[in-house]
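Participant:
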Amino acid sequence: MTTEQTEKREKKRTGTEEITLPVAGMTCAACVRKVEKALSGLPGVQEANVNLPAGKAAVTYDPSVASPSDMERVVTDIGYEVPLARLDLLVLGMTPGHCDLIIEKALRAMPGVRNVVVNCATDSVKVGFLDVAVSPATIKKTIRELGYEVSEKGEGEAGADRERELRRLEIGRQLVNMLVAWPLGAIVMLGTFSDYEPLKGIVPSFMGEKLFLFALTTPLVLGPGRQFFVNSWNGLRRGLTDMNLLYATGIGAAYLIAVINTFFPDAGFGGEKATFYEAAALLIAFIVLGRYLEALTRGRTSEAIRKLMHLQPRRATVVRGGQEIELPVDEVEVGDIVLVRPGESVPVDGVVVEGYSAVDEAMVTGESMPVDKRPGDEVIGGTINKTGAFRFRAVRVGAETALAQIIKLVEDAQTSKAPIQALADRVAGNFILAVHALALVVFLFWFFAGYHLWFDADTKLILTPYSLENLEVFGFALLISVTVLVISCPCAVGLATPAAMMAGTGKAAEYGILFKGATAVEALSKARVVVLDKTGTLTKGEPSLTDVIPASGPPGESELVADRPDGLPVHGATVTRDELLRLAAAAEKNSEHPLAEAIVRAAREQGLDLAEPESFDSIPGLGIDAKIEARSVLLGNRKLMTDRSIDLSSLAAEAERLEAEGKTAMFIAVDGALAGLVAVADTLKETSARAVSELKRLGLDVVMITGDNKRTASAVAAQLGIERVLAEVLPQDKTSEVRRLQGEGKAVAMVGDGVNDAPALAQADVGIAIGSGTDVAKETGDVILIRDDVLDVAAAIQVARATMRLVKQNLLWAFGYNSAAIPLAAGVLYPFFSQIVSPELAALLMATSSFSVTMNTLRMRGYQPPVKRGPPPASPEPARREVRTAVEARP
Amino acid sequence: MRAGTIAAVVYTGLSLAAGLVFLAITTAFGNYNWVARIGGAVWVFALCMIILMPTVIPLVRERMGDRA
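Given below as structure tokens:
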């Protein structure tokens with residue numbers, strides 16, 4: 017059992033619950049800390065983890081003390097928004113003036129419902145609600161219980177739409193701010209520099225008037241700039257700080273100096289030549305630009321999850337009472353027969369009962385080729401029917417469907433935090449205070465020492481024509497102090513890890529690789545040993561017939577010697593290959609042994625007609641004795657044949673050769689004479705050899721673990737190129753074997769069946785459950801591979817490593833930016849060059865830092881794991897080369 | 118007395134003290150004009166308030182066991 021599962025069980029036991037609360041309006045790591053602190057401060061809340069790029073807060077709480085509404089209130093109080101879900105309903109049977117009031121009153125009384133708009137004329141009811149507090153199904157049920165027919169309107173409510181709508185609103189809001197800030201800022205800048213070349217004589221002189229600049233800048237500060245002051249004050253009075261505080265102090269100080277210099281030019285702040293209106297105006301413009309660009313790009317890092325959400329079909333055609341009825345998909349019930357026509361999406365999970373088609377499952381499982389579906393086959397909701405029409409019985413609906421489970425898993429992973437994020441969080445969380453403390457130190461230094469030591473009357477602000485000859489000690493120290501505040505950017509630090517994790521886990525989901533948390537991504541990237549379970553992971557997990565060898569002559573030779581009048585073979589005679597297989601399969605027809613089933617299946621696949629045995633006797637541990645068409649057929653191991661005095665000498669060498677290849681050889685005697693032998697083996701998957709080769713190319717030590725005997729295990733390992741094998745390991749001993757490997761000091765990834773190998777998967781540093789199929793929720797691994805393809809193990813490791821590379825690049829960029837920019841703003845170069853960074857340049861640099869982190873993260877959108885691009889041109893390690901295999905058998 | 122009020126008294130008092138210390142130093146030493154002295158004291162006070170508010174409020178709440 018994984019740690020996460022243990023925690024979940026513990027939460028259930030202790031009566032706590034966990035919800036994911038959407039939070040809008042967060043812009044930086046300090047916002048994350050602010051929201052986390054506010055939520056954690058709520059009585060009954062035990063833990064709150066906020067994911068900035070996802071705009072979500074995972075809250076663990078005691079429902080008897082706290083409620084989602086309390087959380088909504090506290091988040092709103094500190095200046096953020098908990099976006100409401102919207103439900104657009106078609107309600108039939110309403111009459112104006114009465115029904116609308118009843119429905120409105122009933123819905124408003126429900127916890128979590130925030131607004132209700134009833135329109136009898138259009139039979140429409142629109143509900144705004146907190147989806148963590150009340151579900152759409154409960155709302156619809158309430159209306160139904162009032163006696164109305166209710167159904168959901170086709171479009172608009174799905175989470176993907178809501179998220180897109182929210183993003184659109186945020187982009188729109190920042191765009192409006194931009195449209196106000198940039199033209200005004202540009203005019204203010206032109207006016208400020210109207211006396212300088214090349215603007216001199218072109219820009220009307222009134223634009224340079226201080227009162228004109230004051231008149232333009234003031235609405236800018238009070239309009240688009242107002243949000244920074246309001247939000248920072250709301251946080252401060254609750255003991256919380258965020259990025260807005262840096263902006264507010266920067267803008268406020270620049271604006272205040274400008275106003276003082278306008279109305280009191282002799283006050284010593286630089287006089288009329290240094291009004292800094294353009295600094296305040298451009299500060300706002302650049303900050304708003306930064307937010308606009310972030311709003312545009314940040315949402316794209318979670319494109320994968322949105323794509324998955326869009327797969328969820330909205331409507332289904334269900335056959336009830338012989339009638340085809342079109343329903344909203346959430347009204348499909350388990351057991352319903354659902355009709356899917358060509359080109360339509362499969363609405364829920366189920367089993368085909370009628371028809372034949374090919375279904376494109378790429379978007380859910382990563383399988384690139386359409387999969388044939390016949391009666392008895394499973395279909396997955398969200399996949400697309402390509403060719404024929406078919407009917408299927410719904411097996412899983414709503415939140416139980418594979419797609420819903422996958423979305424939940426990916427969302428959970430994106431809300432979780434990786435260990436590497438701990439440092440970034442600590443830094444970002446205390447960043448704002450540290451920067452203000454630094455601004456104070458910088459101010460005191462330049463006030464008491466720096467100004468007197470190095471001030472130069474020709475001081476220039478970088479990239480401006482300003483000369484600060486009139487600036488006195490306070491104005492100079494204040495200017496540098498303000499620039500330090502403005503240039504610092506915890507946004508980039510806070511975004512670096514979660515944005516990369518979102519992009520990485522989302523990208524992995526596109527290939528059917530599901531990480532259960534950011535921790536799993538980090539752990540997998542660090543794995544140095546990969547332990548592969550043999551049966552079901554490297555092999556197909558079910559035996560199949562590999563060889564049929566008649567008693568004399570090479571396989572397939574068609575020679576039948578019959579010297580009896582009835583044509584039956586006699587002692588020493590040979591039978592044809594097909595006849596041998598037909599007799600063996602007929603004899604095994606009534607056996608349920610897996611080896612017998614493999615023989616019968618192979619015979620049927622070859623179109624052989626199997627006679628009904630006249631008698632059948634199973635001899636435990638030895639084989640079978642049957643009578644087919646009046647012939648006595650013995651099928652079994654050496655001991656059975658020796659007991660019945662059958663001479664095996666002609667095939668003894670063949671049998672040994674087959675066993676050395678890891679196959680199970682069975683002798684067949686007909687009428688007391690050896691007729692041939694058949695061999696059965698658990699065959700390798702087509703991609704196993706390449707997967708092992710790819711894992712080695714990634715620098716991993718590949719270990720195979722199996723319960724098979726040493727000879728069989730080493731034969732299989734040799735075919736795959738695996739040098740280290742742990743053989744004869746009982747299922748219950750796999751955990752201790754993994755622990756033993758961990759004891760060698762390397763991080764171990766264990767790949768196996770998510771059910772049988774669960775303890776070993778839990779013991780490993782990272783457990784990879786392979787071939788989970790569609791029921792991903794039951795899996796125990798830290799990483800879940802939907803497809804039964806061991807090549808996906810290599811793909812998962814490649815995605816994990818690429819994600820961690822991105823995290824490190826982002827952190828390097830974010831910390832590097834601040835490490836370089838803050839000293840520059842603090843004036844370390846001033847004594848040498850007599851130039852200081854202007855506040856507006858600081859704002860531009862600040863805006864570009866988090867934008868750069870986001871853009872770097874977006875590179876992940878085009879990422880394709882190398883292993884998915886096809887086999888390497890020249891593999892350095894042919895799969896079937898001779899290898900020296902070290903087999904470690906366990907007692 | 119509520120935690121919020123106590124915290125406000127603490128952070129405002131400390132910030133005022135810092136501003137006054139600045140004012141006293143600049144008055145006693147050096148040759149600073151009143152704009153520098155008053156402006157500097159106000160800026161020191163403002164930054165101290167910003168630094169101390171989020172530091173003092175949780176500390177006081179924690180000591181008084183008031184998480185609301």
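Residue numbers (this note's numbering), protein chains in the order written: chain D, 17 to 907; chain G, 118 to 185. Glycine residues also receive a C-beta, built at the ideal position from the N, C-alpha and C atoms. Just so you know, these numbers come straight off a predicted model, no measurement behind them.
(1) Can I918/D and R409/D be called in contact, C-beta distance under 8 Å?
(2) Is the beta carbon of M517/D sitting closer than 8 Å to the one on V537/D?
(3) Pairs of beta-carbons, one from the stretch 522-529 of chain D and one from the stretch 799-815 of chain D, closer than 8 Å: are there three or more?
(4) Out of curiosity, what's the CA-to-CA distance linking I276/D and T144/G?
(5) So with CB distances below 7 Å, who are the chain D contacts of M181/G?
(6) If you check the beta carbons only, do C44/D and G510/D fall under 8 Å apart?
(7) Mind pulling the chain G residues with CB within less than 7 Å of F490/D?
(8) Here's the rule I'm using: 16 or more other beta-carbon atoms within 10 Å means buried, otherwise exposed. How should H452/D be labelled?
(9) Once the 5 residues before and after P881/D are set aside, which same chain residues still bring their CB inside 6 Å of it?
(10) Less than 8 Å between C-beta atoms, sequence neighbours within five positions excluded: which residues of the same chain meet that for D781/D?
(11) By the criterion of Cβ-Cβ separation under 9 Å, what are the contact partners of L494/D in chain G?
(12) Would you mind sorting I218/D into buried or exposed? The rule is 16 or more other CB atoms within 10 Å of its CB.
(13) Is there at least one Cβ from chain G nearer than 8 Å to F463/D's Cβ?
(14) For a minimum of 4 consecutive residues, which ranges assigned as the alpha helix (DSSP H) are wholly contained in the stretch 646-706 of chain D?
(15) With a threshold of 8 Å between beta carbons, is M170/G in contact with chain D?
(16) Check each candidate in I448/D, V367/D, L501/D and name the one with the smallest Cα separation from P855/D.
(17) Between the stretch 543-561 of chain D and the stretch 865-883 of chain D, are three or more C-beta pairs nearer than 8 Å?
(18) What's the gap between the Cα of L191/D and the Cα of P240/D?
(19) Using a C-beta cutoff of 8 Å, does I123/G count as contacting chain D?
(20) If you follow the alpha helix (DSSP H) that K53/D is in, where does it begin and where does it stop?
(21) Measuring CA to CA, which of G692/D, V718/D, T513/D, D563/D is closest to K824/D?
(22) Where do the N-terminal and C-terminal ends of the alpha helix (DSSP H) with V457/D fall, by residue?
(23) Excluding five sequence neighbours on each side, which residues of the same chain lie with their C-beta closer than 8 Å to the C-beta of G359/D?
(24) List the DSSP bridge partners of P559/D.
(25) Secondary structure at L714/D, three-state DSSP: helix, strand or coil?
(26) Listing by chain order, which chain D residues have their CB less than 9 Å from the CB of L137/G?
(27) In three-state DSSP terms, what is L176/G?
(28) Kindly list, in the order they appear in chain G, the residues whose Cβ is closer than 8 Å to that of H452/D.
(29) Using only CA atoms, which one of W829/D, P636/D, A202/D lies nearest to A508/D?
(30) Using a C-beta cutoff of 8 Å, does A539/D count as contacting chain G?
(31) Based on the DSSP secondary-structure assignment, which residues constitute the bridge partners of K142/D?
(32) In whole angstroms, give me the CA-to-CA distance for R154/G and R49/D.
(33) Between the C-alpha atoms of N250/D and G337/D, what's the straight-line distance to the nearest angstrom?
(34) Identify, in the order they occur along the chain, each residue of the same chain with its Cβ nearer than 7 Å to the Cβ of E60/D, setting aside the five sequence neighbours on each side.
(35) For L861/D, which of A70/D, T265/D, A301/D, S140/D has the nearest alpha-carbon?
(36) Beta-carbon of T265/D versus every beta-carbon of chain G: anything under 8 Å?
Facilitator: To lay it out plainly:
(1) This structure leaves residue 918/D out entirely; chain D is present only between 17 and 907.
(2) yes
(3) yes
(4) 22 Å
(5) Under the 7 Å cutoff, chain D gives no residues; its nearest Cβ is about 13 Å from M181/G.
(6) yes
(7) V152, A153, G156, G157
(8) buried
(9) A811, Q814, V815
(10) A539, K542, A543, Q758, A763, V764, A765
(11) G156, G157, W160
(12) exposed
(13) yes
(14) 654-659, 668-676
(15) yes
(16) L501/D
(17) no
(18) 11 Å
(19) no
(20) 45-56
(21) T513/D
(22) 447-461
(23) I400, N401, K402
(24) D698/D
(25) coil
(26) Neighbours of L137/G on chain D: none; closest Cβ ~15 Å, over 9 Å.
(27) helix
(28) L164, I167, I168
(29) W829/D
(30) no
(31) D104/D, V133/D
(32) 36 Å
(33) 60 Å
(34) Residue identity differs from the one stated: residue 60/D is Gly in this sequence, not Glu. These residues qualify, in order along the chain: Y77, D78, V81, A82.
(35) A301/D
(36) yes
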